[in-house]
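In mature numbering (1 follows the signal peptide of the UniProt record, and there is no 0), the protein residues as written are -23 to -1, 1 to 324. In this text, a Cβ means the ideal position worked out from N, Cα and C, and glycines have one as well. Predicted model only: the values in this text are computed from it and were never measured.
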Amino acid sequence: MSMFNRRQFIQYGALAAGSGAIAACSGSQTAPSSDSSSSPEVIVKKEKVVASWLPIMQTTAYYVALKEGLFEQADIEIESVKFENPNQIIDSLVSSRADFGPPGAAAGITVLAEAKAPGTFKVYGLQGGGIKSGFINDGLIVKPDSSIQSFKDLKGLKVGTIPGVQWETILTYILHKNGLEPGSDVTIEQMAVGLQLPSVVSGAVNATLSLEPVGSIAEATQQAKRAMTNPVAMFIADPFYSGAAVLTTKFLQDRPETAAKVVQVIDEATRLANQNFDQYRPVISEYTALKSEQASYVAQPRLRSFSELDSTDIDSYQKFVDVFYEEGVLDQQMDVTEIMLDKSELA
């Protein structure tokens, strides 16, 4: 595997003069030298950066970056803070307790927070899945013998989903598209990801709208099945991105060279993850609750780095954000291009 050359950072900005590089004269290890013109040894001080992350599949590129030591090679000392709730990640960024959210931060919650505090975030990557691309992001999970085949079959039943406004809004929108009203026609139960498959198996709920890897585990263990694969992409946008990589504008403005290097590290890690996903499967179980045997068969997510983002990705993200306006969660429409990181903003 190729080493992460410092020259790769040139396009994002060279090290600042005040980055902490100091010179220390070094002599021969075998004998004293009388040559006072010997070359100095350059010691580069590492920049400390705080990352808030979720232990999910969409965060794979971050795991790769940690495993391969890409941050260290970029002279960055990472303080890695794990959260179990996407709201906590955004809160840590808003309060300046963290500098960036690696891939896997909630794309929808980011926009909702930006609406309350304009100018707080810059998105530099998207993660999810898609029907055309063949990457699985989510599924409608039911018992193996269930007659449920679509959301229309959920009338009078209970359906579970991920806690928080993002997935409750997504599910509400899809139910509306299928002529169903949450509360009167369908009961929505918010539940932790780890409880979703057991809840389907026990009958506590009739179905769940679940992120990967719930569907992969359900089918591999034959405890449940996907009645629909990538249903969110069917009703909102294909591809669909529920995850995002996020920088705070404070981090970008206060330490532009370091922020640029973070973007470059995640870009390189995303490239490695996409090209060698099977090789990095064991890494996933080191950072998530997945067991090693489960990591061997879970679906590969669609990971889009900053350098790869195109008009299709931005359009898909916009369609997702529009859902929050249509469902009354946002008071006004938001243009996602205003929150996307631009190359001109990098040092």
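Classification of residue i by the beta-carbon crowding that lies within 10 angstroms, buried from 16 upward
i: P175; result: exposed
i: P259; result: exposed
i: G85; result: buried
i: T265; result: buried
i: D292; result: exposed
i: T314; result: exposed
i: R74; result: exposed
i: T149; result: buried
i: K22; result: exposed
i: P79; result: buried
i: G192; result: buried
i: Y274; result: exposed
Backbone secondary structure at residue i - three-state DSSP
i: E61; result: coil
i: P80; result: strand
i: R248; result: helix
i: M317; result: strand
i: K23; result: coil
i: L131; result: helix
i: Y101; result: strand
i: F112; result: strand
i: M205; result: strand
i: L267; result: coil
i: A181; result: coil
i: I139; result: coil
i: A210; result: helix
i: residue 328; result: Here the chain has residues from -23 to 324 only, and residue 328 is not among them.
i: E145; result: helix
Rounded distance between the beta-carbons of residue j and residue i, thought under 8 Å
i: V177; j: A184; result: 7 Å
i: G105; j: F217; result: 5 Å
i: N207; j: I108; result: 5 Å
i: Q277; j: F112; result: 6 Å
i: D68; j: V27; result: About 13 Å separates the two Cβ atoms, so there is no contact after all.
Alpha carbon of residue i to alpha carbon of residue j, nearest angstrom
i: E270; j: F228; result: 38 Å
i: A38; j: G141; result: 24 Å
i: Y257; j: A250; result: 7 Å
i: V88; j: F98; result: 8 Å
i: K154; j: D290; result: 23 Å
i: A195; j: S123; result: 14 Å
i: A204; j: S179; result: 17 Å
i: P233; j: A324; result: 5 Å
i: L152; j: K202; result: 20 Å
i: E303; j: F297; result: 10 Å
i: P95; j: I118; result: 37 Å
i: G46; j: D299; result: 38 Å
i: L286; j: D244; result: 11 Å
i: A272; j: M211; result: 26 Å
i: V136; j: V163; result: 7 Å
i: L307; j: L157; result: 21 Å
i: Q200; j: L31; result: 26 Å
Bounding residues of the beta strand (DSSP E) (the contiguous stretch that carries residue i)
i: G220; result: 217 to 225
i: I165; result: 164 to 167
Limits of the alpha helix (DSSP H) - the one that residue i falls within
i: R258; result: 254 to 264
i: A184; result: Where A184 is concerned, there is no enclosing alpha helix (DSSP H), although the beta strand (DSSP E) it sits in stretches over 184 to 188.
i: L280; result: It is not in any alpha helix (DSSP H) - L280 instead sits in the beta strand (DSSP E) that spans 279 to 281.
Proximity test, residue i beta-carbon vs the ligand SAM heavy atom, cut-off 8 Å
i: N207; result: Judged by which ligands are present, the structure shown has none, so any question about the ligand SAM falls away.
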